[in-house]
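When the letters of the sequence shown are read in order and numbered with full-length UniProt numbering, they come out as residues 1 to 337.
Even glycine gets a Cβ: it sits at the ideal position worked out from N, Cα and C.
Because the structure is a prediction, the values reported are computed rather than measured.
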Amino acid sequence: MEAGTVATTQLPDDGAGQILYEVRRTADRGRGLFALKDIAEGARIMTEEPLMVATWPQDDTSMEITAGMKLLAMTKEKQRQFLSLYNSEKKKMHPFGGIIRTNAQSCGARSQMIATFATVSLINHSCEPNTHQAWNKEKEQETIHATRPIKAGEELTIAYVMFETTAVRQATLKAIYGFTCTCPVCSKPEPARAESDQRRSLVGVLDVKISDPQRVKDEPAGVLADCAALEQVLLDEFDGKPDQGIMVRLYYDAFQVVVSHADQARGIVFAQRAHRASVLAEGEDSPGTKKMAPLASLPSSHASFKLYGAAWRCRKTRVPQGLGDEDFKKWLYKLEQ
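Okay, structure coming up:
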């Protein structure tokens, strides 16, 4: 989501003052961010305060007026940064609103606020991204973390759209951002691309089934089996390195299934996994990470504990020891029971 000619570097919030990335011009996608050195999985690449925050949705005229007033209050440097961002809506919207629509990120799940950034907004798309973006509502900053090891020289990417078929992703990206994706996933030969489409479609199907509260109440074993299936699909689709932000939700969903039926042993394991994934995706200072930490030691403190009864009652000290990975997975997800 980019335009302009100015290249800059930025110090990441890694506590060591290391420059982890730089802005370069790409051959076909404007500016982008590239790793200056190898970056470990879970490393914080940057934190950034927004240039502009606005409510969404707004009509085009209201957005233009709002953005214009906010621009007048900015420094000249911030005005330049905002106006240099790419606008894919030049023919459809007023200029300020077009820049916001092209570049803005939601300020958290279910938020009606969107934010535009000088640097985060330069991160280009991949259907197989190597970073995770998250809004820290306490600090009012966007954070970017590596979702897998990143090699020096590799472009940093996020996913503007992910869990759709290739055709739907391509149509969405073309309609909203005006480009055709040529990432490794979209460039796979047809048989492999079709398999990827099947997996990504299955993610959506499983997510709907897992999110059904009636099934959690009446068919918890089935929901837990769906959680196991979703974990495997994500591992298969992303070569063992799925976006940890996605894994946070998966493990937290599984946690709620088991604790709502009074299983503290499995609750501890799922909470620990969700907490670790949240640290990797959002950092220790994330509100979500801090919320997850106490559940990893006291799952019964969650509001849904025993919500649907105590048929699965299991003390938190009953986590089995010495099992191999497959046997532990069967125990954890109550498979073959």
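Non-local C-beta neighbours of glutamine 264 in its own chain, meaning closer than 7 Å and more than five positions away in sequence, comprise Pro299, Ser300, Cys314, Arg315, Lys316, ordered along the chain. Under the three-state reduction of DSSP, valine 233 is assigned to helix. With 16 or more other Cβ atoms inside 10 Å of its own Cβ, glutamine 133 counts as buried. For proline 129 and glycine 283, the gap between their C-alpha atoms comes out near 18 Å. When DSSP assignments are scanned along the segment 62-150, the uninterrupted stretches of alpha helix (DSSP H) that are 4 or more residues long and fall wholly within it turn out to be 76-83, 95-103. Between leucine 156 and alanine 35, the C-beta gap is smaller than 9 Å, which places the two residues in contact. Assignment of beta-bridge partners to glutamate 284 by DSSP yields no partner. In the same chain as arginine 25, and ignoring 5 residues on each side of it, the C-beta atoms closer than 6 Å to its own belong to Arg31, in chain order.
Exposed is the label assigned to methionine 69, since fewer than 16 other Cβ atoms lie within 10 Å of its Cβ. In this structure, Gln141 is the residue among Gln141, Arg199, Lys334 with its C-alpha nearest to the C-alpha of proline 287. Using a Cβ distance threshold of 9 Å, alanine 277 and glutamine 321 do not count as a contacting pair. Apart from the 5 residues on each side of it in sequence, leucine 280 sits with its Cβ closer than 7 Å to the Cβ of Glu41, Gly42, His145, Gln244 in its chain, given in chain order. Note on geometry: alpha-carbon atoms of proline 149 and lysine 241 lie some 9 Å from one another. Take leucine 85, set aside five residues on each side of it, and the residues of its chain with a beta-carbon closer than 6 Å to its own are Ile99, Asn103, Ser121, in chain order. Here cysteine 181 carries a coil assignment [DSSP, helix/strand/coil].
Take the alpha-carbon of alanine 225 and the one of aspartate 197: they are about 22 Å apart. Between the alpha carbons of lysine 37 and glycine 153 lies a distance of about 7 Å. Residue burial annotation: alanine 171 is exposed, with fewer than 16 other C-beta atoms found within 10 angstroms of its C-beta.
Excluding sequence positions up to five before and after tyrosine 177, its CB lies within less than 6 Å of the CB of Ser88, all in the same chain and listed in chain order. A straight-line Cα-Cα distance of about 17 Å links valine 205 and glutamate 219. Counting along the chain, phenylalanine 34 sits inside the beta strand (DSSP E) bounded by residues 31-35. Leaving aside the five residues that flank valine 203 on each side, the residues in its chain whose CB is nearer than 8 Å to its CB run, in chain order, Phe163, Leu230, Val233, Leu234, Glu237.
In terms of CA proximity to arginine 273, Ala293 leads the group Leu173, Lys330, Ala293.
Taking the Cα of leucine 250 as reference, the smallest distance to any Cα among Val208, Thr55, Lys290 is reached at Val208. In the DSSP secondary-structure assignment, aspartate 263 is bridged to Cys314. DSSP places alanine 194 in the uninterrupted alpha helix (DSSP H) bounded by 190-210. Taking the CA atoms as reference points, proline 184 sits about 22 Å from methionine 247. Annotation for glutamate 22: no alpha helix (DSSP H) segment contains it, though the beta strand (DSSP E) segment containing it runs 21-25.
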